[in-house]
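Peer 1: Mind having a look at this structure? Questions to follow.
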Amino acid sequence: MDPKYIEVTGFFTPRGGISIHPYTNYGRPGTRYEELALRRLESHE
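Pasting the structure below:
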């Protein structure tokens, strides 16, 4: 894979009362997608 932009979120069923939703993203350095990835990461809840 050689994506310009990719975003991955995992939604996992709680086990032991703890639910997790890991999130990551990537924007290719030197492109407008790099800035998009940073903005999306900062605003992610």
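Under our numbering, think of the first position of the sequence shown as 0, with each following residue one higher.
For glycine and all other residues, C-beta sits at the position ideal for the given N, C-alpha and C.
How about Tyr4 and Leu37: are their beta carbons less than 8 Å apart?
Peer 2: The residue given as residue 4 occupies position 5 in the sequence shown. The residue given as residue 37 occupies position 38 in the sequence shown. For Tyr4 and Leu37, no; Cβs fall outside 8 Å.
Peer 1: Measure from the alpha carbon of His20 to the alpha carbon of each residue in Pro28, Gly26, Thr8, then state which is nearest.
Peer 2: As a working mapping, residue 20 is identified with position 21 in the sequence shown. It is Thr8.
Peer 1: Taking just the CA atoms, how far does Pro2 sit from Thr30?
Peer 2: On the sequence shown, residue 30 is found 31 positions in, with the first residue counted as 1. On the sequence shown, residue 2 is found 3 positions in, with the first residue counted as 1. Cα-Cα distance, rounded: 12 Å.
Peer 1: Please work out which residues of its chain come closer than 7 Å, Cβ to Cβ, to Glu33, disregarding the five sequence neighbours upstream and downstream, and give them in chain order.
Peer 2: By one-based count along the sequence shown, residue 33 stands at place 34. Closer than 7 Å at the Cβ level, and outside the excluded window around Glu33, lie Gly26, Arg27.
Peer 1: Report, in whole angstroms, the separation of the C-beta atoms of Arg39 and Asn24, which I expect to be a contact under 8 Å.
Peer 2: Position 40 of the sequence shown, counting from 1, holds the residue named residue 39. Position 25 of the sequence shown, counting from 1, holds the residue named residue 24. The Cβ separation is near 6 Å, so the contact holds.
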